[in-house]
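Participant: In the working numbering, the protein residues as written are 1 to 287.
Below, the structure is given as structure tokens:
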């Protein structure tokens with residue numbers, strides 16, 4: 001089959017799962033990865049696919065048609081200016097998390113914090129995208145990353161080595177007493193976290209490829225206690241002597257509930273909208 005014909009047919013099949021633009025972008029990514037054909041050049045190709053090439057494309061396409069995220073199929077994801085190895089043990093990094101990292105970097109610039117003396121703690125690090133991106137931007141800072149998943153921590157370690165971005169890794173759960181003790185006694189001035197926050201009720205609004213393939217441990221919390229991670233991390237932050245600023249990624253539905261928890265405490269806090277106009281970020285600073 002001709003290269004362009006295969007592309008067009010694949011897009012039509014993927015439209016059963018994705019909008020056309022997204023289906024096209026998926027296939028552009030596949031073509032660049034597997035055939036080394038860039039998006040801008042595709043229409044210029046007059047070429048028949050070889051047997052091996054068609055088998056390779058069929059393998060990827062069949063997995064895409066089952067809803068599997070392309071990042072898991074190809075084994076990597078883009079985050080800011082990094083290419084990170086990812087697998088089904090970690091969430092795929094999202095654009096809104098890039099916005100959270102940029103907000104953190106903005107505060108560091110505005111406060112003119114001394115980078116060599118700065119320590120940042122990434123809580124519920126998952127893929128390590130936040131910790132590694134911060135280390136890339138702030139090579140002199142000390143970056144610590146904590147997660148309950150040994151598989152996730154192992155992957156962060158692998159990425160840190162391959163990218164030459166050394167971060168300090170901690171395996172524990174913030175819901176455990178030992179995990180809480182790590183937080184309370186930690187020396188980081190800046191904390192940043194993208195914890196599980198999606199309730200069971202919100203599952204109905206999510207794309208099937210997220211539900212079927214991404215780790216539920218990193219996604220979901222019970223309807224009865226949706227803010228448990230935020231509450232525990234906040235309590236530890238208030239007790240930690242060195243902690244000054246705490247950044248959270250949040251659900252667009254949590255602003256009111258989080259505000260009720262924060263009001264009356266000896267802190268300053270502000271919410272920030274993402275590029276979609278949704279309240280997705282929270283900054284808490286001690287007075």
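Virtual Cβ for every residue (Gly too), placed ideally from N, Cα, C.
#1: Given that a residue counts as buried once 16 or more other Cβ atoms are within 10 Å of its Cβ, and exposed if not, what is residue 69?
#2: What span of residues does the beta strand (DSSP E) with residue 119 cover, start to end?
#3: So what does DSSP say about residue 171, is it helix, strand or coil?
#4: Output needed for residue 83: all residues of its chain with C-beta closer than 7 Å, excluding positions within five of it in sequence on either side, in chain order.
#5: In the structure shown, what three-state DSSP assignment does residue 280 receive?
#6: For residue 44, count the other beta carbons within 10 Å of its own beta carbon; 16 or more makes it buried, fewer makes it exposed. Which is it?
#7: Three Cβ pairs or more, each shorter than 8 Å: is that satisfied between the segment 146 to 157 and the segment 82 to 96?
#8: Using a Cβ cut-off of 8 Å (strictly closer), state whether residue 111 contacts chain B.
#9: List, from N- to C-terminal side, the beta strand (DSSP E) runs of 3 residues or more that fit wholly inside the segment 68 to 156.
#10: In angstroms, rounded to a whole number, what distance separates the CA positions of residue 114 and residue 177?
#11: Does the distance from the C-beta atom of residue 96 to that of residue 279 stay below 8 Å?
#12: If the criterion is Cβ atoms closer than 8 Å, does the pair residue 268 and residue 287 meet it?
#13: Would you kindly work out how many angstroms separate the C-alpha atoms of residue 133 and residue 80, rounded to a whole number?
#14: Apply the 10 Å Cβ neighbour rule to residue 14 and answer buried if 16 or more other Cβ atoms are within range, or exposed otherwise.
#15: Could you check the C-alpha separation between residue 119 and residue 17 for me, to the nearest Å?
#16: Taking its Cβ as the centre, do 16 or more other Cβ atoms sit within 10 Å of residue 218, making it buried, or is it exposed?
#17: How should residue 11 be labelled, buried or exposed, when 16 other C-beta atoms within 10 angstroms of its C-beta is the threshold for buried?
#18: Does residue 290 pass the burial test, meaning 16 or more other C-beta atoms within 10 Å, or should it be called exposed?
#19: Would you mind working out which of 173, 72 and 58 sits nearest residue 93, comparing C-alpha positions?
#20: So for residue 218, helix, strand or coil by DSSP?
#21: Which residue's Cα is closest to the Cα of residue 141: 162, 126, 166 and 125?
#22: In terms of alpha-carbon separation, which member of 243, 232, 272 and 175 lies closest to residue 261?
#23: From residue 147 to residue 3, what does the alpha carbon distance come to, in whole angstroms?
#24: Under 7 Å Cβ to Cβ from residue 60, same chain only, skipping five residues before and after it: list those, please.
#25: Taking only three categories from DSSP, how would you classify residue 47?
#26: Since residue 241 and residue 191 should fall inside the 8 Å C-beta cutoff, what is the C-beta to C-beta distance between them, to a whole number of angstroms?
#27: Could you tell me the distance, in whole angstroms, from the CA atom of residue 168 to the CA atom of residue 138?
Facilitator: The relevant details are as follows:
#1: buried
#2: 119 to 123
#3: strand
#4: 76
#5: strand
#6: exposed
#7: yes
#8: Considering every chain present, this structure includes no chain B. It has just one protein chain.
#9: 76 to 79, 82 to 85, 119 to 123 and 142 to 147
#10: 32 Å
#11: no
#12: yes
#13: 7 Å
#14: buried
#15: 43 Å
#16: Reliability of the predicted coordinates at residue 218 is poor, the pLDDT of 48 falling under 50, and the value obtained from them is presented with this limitation in mind. Buried, by the Cβ-count rule.
#17: buried
#18: No answer is possible for residue 290: it lies beyond the span of the chain, which begins at 1 and ends at 287.
#19: 72
#20: For residue 218, the pLDDT reaches just 48, beneath the cut-off of 50, and the residue's location in the model is therefore unreliable, leaving the point undetermined.
#21: 166
#22: 232
#23: 43 Å
#24: 30, 34 and 73
#25: coil
#26: Their Cβ separation, rounded to whole angstroms, is 13 Å, which puts residue 241 and residue 191 out of contact at 8 Å.
#27: 14 Å
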